[in-house]
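Notes follow the structure.
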Amino acid sequence: MSRKGSGMRKPGAAFAFYLLSIVLLPVSLPGYVIWVGKLLAAKPSGVSTSAQAPLSARWAMHNFGVRDDQAANRLLPILPGVPWLAMRSAFWPTVFAHRVTGFVPKTFRYPFEGEIRPHAEASARVTFFDSAVDHFLPGVDQLVILGAGFDTRPYRLPQDKPVYSFEIDAPKTQSVKRDMLDKAGIDARKVTFVPADFEQDDWLAKLVDAGFDPGRPALFLWEGVTMYLDREAIEDTLRKVAGCAKGSLLAFDYFTTEALESSRPYWRYGRAAAKAVGEPIKFGVDSTPPSRERLSELLRSGGLALLEQHGLGRESRKKRAWGGFAIAMVE
Numbered sequence: 016m017s018r019k020g021s022g023m024r025k026p027g028a029a030f031a032f033y034l035l036s037i038v039l040l041p042v043s044l045p046g047y048v049i050w051v052g053k054l055l056a057a058k059p060s061g062v063s064t065s066a067q068a069p070l071s072a073r074w075a076m077h078n079f080g081v082r083d084d085q086a087a088n089r090l091l092p093i094l095p096g097v098p099w100l101a102m103r104s105a106f107w108p109t110v111f112a113h114r115v116t117g118f119v120p121k122t123f124r125y126p127f128e129g130e131i132r133p134h135a136e137a138s139a140r141v142t143f144f145d146s147a148v149d150h151f152l153p154g155v156d157q158l159v160i161l162g163a164g165f166d167t168r169p170y171r172l173p174q175d176k177p178v179y180s181f182e183i184d185a186p187k188t189q190s191v192k193r194d195m196l197d198k199a200g201i202d203a204r205k206v207t208f209v210p211a212d213f214e215q216d217d218w219l220a221k222l223v224d225a226g227f228d229p230g231r232p233a234l235f236l237w238e239g240v241t242m243y244l245d246r247e248a249i250e251d252t253l254r255k256v257a258g259c260a261k262g263s264l265l266a267f268d269y270f271t272t273e274a275l276e277s278s279r280p281y282w283r284y285g286r287a288a289a290k291a292v293g294e295p296i297k298f299g300v301d302s303t304p305p306s307r308e309r310l311s312e313l314l315r316s317g318g319l320a321l322l323e324q325h326g327l328g329r330e331s332r333k334k335r336a337w338g339g340f341a342i343a344m345v346e
């Protein structure tokens with residue numbers, strides 16, 4: 016954290032950072048092109064491409080010195096099908112520019128503060144979910160990560176913390192992750208892996224079979240998942256969580272229909288990119304203002320109460336929020 020703070024106070028640090036980044040563009044751009052090309056080529060493998068971006072963001076935060084995540088630092092270099100040399104070429108010029116100038120771009124600031132724009136959503140999202148874990152996990156002894164992808168939070172918990180951790184994800188993605196954990200030498204003995212498809216399987220039944228106790232409160236994390244599911248799967252998941260013990264909590268992020276329908280270049284590109292890698296954006300909460308009420312209605316229909324909500328994007332009669340972070344509770 017100190018490195019981040021000193022960088023922000025240096026006069027001209029931002030200018031020097033971006034100047035260095037431009038100078039090093041001949042190194043980073045080819046690496047980025049190769050990396051993206053490999054992601055597109057890997058689409059038929061069945062491994063979630065959308066799960067790789069959050070891992071990249073956490074790796075960057077670790078290497079910027081703002082958020083310790085040894086697991087992410089060890090996992091990213093061994094992602095299957097993506098040459099580490101290409102990824103290194105894409106990312107390291109930015110890290111180098113940071114180490115020279117001390118400046119941290121808003122995209123990777125942690126903990127994130129201020130207005131959340133789409134390009135900084137990743138760091139804001141990490142901040143939100145980390146805060147949810149820090150605040151609510153001490154009150155429960157079960158942590159369930161829905162659509163875990165390459166999430167590394169269970170591997171950042173103190174080894175002596177009495178928490179039963181469960182990860183639920185598509186079988187192929189989970190199998191790849193377990194192989195990566197073994198290869199990286201990361202201890203996963205305290206994590207129970209539950210392979211399940213949210214749109215096809217009864218994930219709660221599989222979770223219970225794996226040792227989860229629905230009669231005890233739990234903290235569910237649902238990060239970067241809702242936008243890729245259909246409405247039926249969303250509503251089914253809400254009902255299943257609502258059927259767990261009173262006091263259970265669900266922390267999640269979401270898009271609104273603004274992100275699905277906007278004609279702005281950023282969102283048009285984002286939707287096209289998601290579709291190109293085989294994971295189209297399917298779901299958004301009704302963006303009709305106030306979006307908090309629309310979200311609350313969705314949760315109530317599933318049997319949950321809205322405890323906390325942070326809208327993304329300024330909302331007015333003419334402007335609509337494009338997403339949000341929220342915490343729901345079983346009453």
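In terms of the numbering used here, the sequence shown is numbered consecutively and its last residue is 346. C-beta atoms are modelled at their ideal positions from N, C-alpha and C, and glycine is treated no differently. Remember, predicted model here, so these are calculated numbers, not experimental data.
Fewer than three beta-carbon pairs drawn from the segment 279–298 and the segment 111–128 are found closer than 8 Å, and the two stretches are therefore not classed as touching. As computed with DSSP, His-325 is found in a beta bridge with Phe-340. Exposed is the label assigned to Glu-312, since fewer than 16 other Cβ atoms lie within 10 Å of its Cβ.
Under the criterion of beta carbons closer than 8 Å, Val-159 and Phe-235 qualify as touching, at roughly 5 Å. Between Trp-237 and Gly-162 the beta-carbon gap is near 7 Å, inside 8 Å, which marks them as a contact. For Gln-215, there is no enclosing beta strand (DSSP E), as DSSP marks it with neither H nor E. A residue is called buried once 16 or more other Cβ atoms fall within 10 Å of its Cβ, and Ala-56, having fewer, is exposed. Around the CB of Asp-197, fewer than 16 other CB atoms lie within 10 Å, so the residue is classed as exposed. Taking a cut-off of 8 Å on C-beta distances, the segment 222–229 touches the segment 177–192, as three or more cross pairs fall below it. Just measuring C-alpha positions, the residue of Gln-324, Gly-262 and His-134 sitting nearest Asp-268 is Gln-324. Measuring C-alpha to C-alpha distances from Ala-75 to each of Ser-63, Ser-65 and Leu-91 identifies Leu-91 as the nearest. Taking C-alpha positions only, Asp-245 is separated from Ser-306 by approximately 19 Å. For the pair Gly-339 and Thr-252, the CB atoms are not nearer than the 9 Å cut-off. Taking 9 Å as the cut-off, the beta carbon of Leu-322 is found closer than this to the beta carbon of Leu-264. Nearest in C-alpha terms to Asp-166, of all of Pro-232, Met-195 and Phe-151, is Met-195.
Exclusion of the five residues before and after Ala-28 leaves Gly-22, Thr-116, Gly-117 and Phe-118 as the residues of its chain whose Cβ lies within less than 7 Å of its Cβ. Ala-266: member of the beta strand (DSSP E) spanning 264–270, first to last residue.
For Leu-40, there is no enclosing beta strand (DSSP E); the enclosing alpha helix (DSSP H) covers residues 40–56. Annotation for Gly-230: Ala-260 place their beta carbon closer than 6 Å to its own, counting only its chain and skipping 5 residues before and after.
Residue environment analysis places Glu-136 among the buried positions, since at least 16 neighbouring C-beta atoms fall within 10 angstroms of its C-beta. Using a Cβ distance threshold of 9 Å, Ala-266 and Phe-151 count as a contacting pair. Residue environment: His-134 is assigned as exposed (fewer than 16 neighbouring CB atoms within 10 Å of its CB, all protein chains considered). Take the alpha-carbon of Tyr-243 and the one of Ser-302: they are about 17 Å apart.
Residues of the same chain with a CB within less than 6 Å of the CB of Ala-203, apart from the 5 flanking positions on each side, are Leu-196 in chain order. DSSP places Phe-181 within a strand segment (E or B) once states are collapsed to three. If you look at Val-159, you'll find it in the beta strand (DSSP E) that goes 157–161.
DSSP places Phe-208 within a strand segment (E or B) once states are collapsed to three.
For Phe-227, the secondary structure class from DSSP, reduced to helix, strand or coil, is coil.
Separation of Gln-157 and Pro-45 (C-alpha to C-alpha, rounded to the nearest whole angstrom) is 44 Å. Glu-247 and Arg-254 have their alpha carbons spaced roughly 11 Å apart.
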